[in-house]
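Mapping the sequence shown onto the UniProt record's numbering, position 133 (from 1) lands on 133, and the numbers just tick up by one.
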Amino acid sequence: MNAIRRGLASSLVQAFLVVIGLVWLTPLAGLFLSSLRSAQETATGGWWTSLASPGQLSFDNYSALLGNSGMTQAFWNTVLISVPTTFLVVVIAALAGYAFAWLDFPGRDPLFLLVVALLVVPVQIGLLPVAKLFGELGLFGTIPGVVLFHVSYGLPFAIFLLRNYFAEMPKEMLEAARMDGGGEWRIFTRLVLPVGRPAIASLAIFQFLWVWNDMLVALLFADSSSQPLTVELQSQIRQFGSNIDVLAPGAFLSLVVPVVVFFAFQKHFVQGVMAGSVK
Numbered sequence: 001m002n003a004i005r006r007g008l009a010s011s012l013v014q015a016f017l018v019v020i021g022l023v024w025l026t027p028l029a030g031l032f033l034s035s036l037r038s039a040q041e042t043a044t045g046g047w048w049t050s051l052a053s054p055g056q057l058s059f060d061n062y063s064a065l066l067g068n069s070g071m072t073q074a075f076w077n078t079v080l081i082s083v084p085t086t087f088l089v090v091v092i093a094a095l096a097g098y099a100f101a102w103l104d105f106p107g108r109d110p111l112f113l114l115v116v117a118l119l120v121v122p123v124q125i126g127l128l129p130v131a132k133l134f135g136e137l138g139l140f141g142t143i144p145g146v147v148l149f150h151v152s153y154g155l156p157f158a159i160f161l162l163r164n165y166f167a168e169m170p171k172e173m174l175e176a177a178r179m180d181g182g183g184e185w186r187i188f189t190r191l192v193l194p195v196g197r198p199a200i201a202s203l204a205i206f207q208f209l210w211v212w213n214d215m216l217v218a219l220l221f222a223d224s225s226s227q228p229l230t231v232e233l234q235s236q237i238r239q240f241g242s243n244i245d246v247l248a249p250g251a252f253l254s255l256v257v258p259v260v261v262f263f264a265f266q267k268h269f270v271q272g273v274m275a276g277s278v279k
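Here's what the structure looks like:
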């Protein structure tokens with residue numbers, strides 16, 4: 001009887017999770033079908049009507065998207081902003097996290113308290129002062145300026161996260177590595193990074209998704225030649241009646257990339273979450 005109850009409970013949980021997954025994926029599927037319909041078909045009915053007449057679906061809208069220089073440039077701008085930002089945040093935070101966790105240097109604790117204090121600073125407070133500073137440095141309206149802003153505001157949380165994760169590693173493991181003649185750089189690259197891969201992967205996912213979907217910072221710090229996809233889509237919405245054939249595939253492209261990134265690294269993400277819950 002207990003085995004039957006456990007099996008029934010497991011089946012109910014799995015069914016519930018399947019329903020939640022389908023509900024979560026429905027907007028993505030709807031947007032994809034909308035991106036395959038013409039402007040006339042979109043104006044006459046919802047995306048679900050295409051399920052009854054799949055002949056109306058085609059990839060003509062994606063051909064129009066590739067021919068739209070503004071959308072393609074915005075997509076590559078998004079890549080050029082998101083990828084370097086994620087890489088720099090992860091690398092700098094891993095180095096700083098290891099230093100705060102296992103290296104003894106003057107002012108370590110006050111510096112880490114400063115990092116923790118920066119976590120409560122809203123991003124809106126720094127927009128105008130940093131914009132003025134970037135204007136004086138010639139970085140305002142450029143991709144490096146947007147990247148630098150995201151890196152600076154992403155580091156406090158990243159350092160806090162990785163430092164706490166690295167600090168939970170067994171002290172004996174690092175001492176044994178030092179006794180074997182391993183230097184700090186070797187210990188960091190050969191021991192700490194492999195062990196901390198789940199936390200690093202989780203951080204990379206969060207940082208990438210945050211930057212990819214950002215519009216507030218891009219609206220202020222990016223000009224027309226460096227604006228990402230979110231800003232371009234926002235400007236395209238103003239002309240919704242005349243460019244739905246470009247807007248729908250562009251919105252799907254903006255949505256599907258983070259989904260692909262998440263599912264590609266979900267194994268490491270789950271490991272990081274489970275490790276954090278155990279600790």
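Glycine included, C-beta positions come from ideal geometry on N, C-alpha and C. This one's a predicted model, so the numbers in the text were calculated from it and none came from an experiment.
Can you give the Cα-Cα distance for residue i and residue j, rounded to whole angstroms?
i, j, result
"ARG108", "PHE100", "6 Å"
"ASP214", "ALA248", "19 Å"
"GLY145", "GLN234", "21 Å"
"TYR98", "VAL83", "23 Å"
"GLY30", "GLU168", "44 Å"
"GLY181", "GLY67", "58 Å"
"GLY276", "TRP102", "Annotation note: pLDDT 46 at GLY276 (below 50); position unreliable, coordinate value reported separately. Near 19 Å, if we compare the C-alpha coordinates of TRP102 and GLY276."
"LYS279", "PHE166", "Annotation note: pLDDT 45 at LYS279 (below 50); position unreliable, coordinate value reported separately. One C-alpha to the other measures close to 12 Å."
"LEU161", "PHE208", "16 Å"
"VAL121", "LEU111", "16 Å"
"VAL79", "MET179", "43 Å"
"LEU174", "ILE187", "7 Å"
"PRO106", "VAL261", "39 Å"
"PHE140", "GLN73", "19 Å"
"SER11", "LYS267", "23 Å"
"ALA117", "LEU28", "38 Å"
"GLY55", "GLY21", "27 Å"
Using 8 Å as the threshold, is the C-beta distance between residue i and residue j below it?
i, j, result
"ALA177", "PHE265", "no"
"ALA93", "ALA158", "yes"
"THR86", "VAL211", "yes"
"PHE252", "PHE32", "yes"
"GLN227", "ASN61", "no"
"ILE244", "THR42", "yes"
"ALA204", "VAL23", "no"
"GLY70", "GLU232", "yes"
"VAL123", "PRO156", "no"
Compare the C-alpha of residue i against each of the options and name the closest.
i, options, result
"LEU113", "GLU41, VAL90 and ASN164", "ASN164"
"LEU36", "VAL89, VAL261, SER254 and VAL246", "VAL246"
"VAL151", "LEU88, LEU203 and GLU41", "LEU88"
"SER38", "TRP24, VAL19, ALA64 and GLN14", "ALA64"
"GLU172", "ALA74, LEU155 and LEU191", "LEU191"
"THR25", "LYS267, GLN14 and VAL256", "The sequence shown places Leu at residue 25, not Thr. For the residues LYS267, GLN14 and VAL256, the minimum Cα distance to LEU25 belongs to VAL256."
"ALA131", "VAL19, ASP223 and ILE244", "ASP223"
"SER225", "ILE81, LEU12, PRO54 and LEU22", "ILE81"
"LEU95", "LEU193, SER34 and PRO258", "LEU193"
| field | Complete runs of the alpha helix (DSSP H) confined to the region 181-209 [at least 4 residues] | value | Fully enclosed alpha helix (DSSP H) runs of no fewer than 4 residues occupy 184-187 of the region 181-209, in order along the chain.
| Does the pairing of the region 118-138 with the region 215-235 give three or more beta-carbon distances under 8 Å? | yes
| task | Jot down the residue ranges of each uninterrupted alpha helix (DSSP H) in the region 44-131, minimum 4 residues, whole runs only, in chain order. | result | 60-66, 69-102 and 108-118
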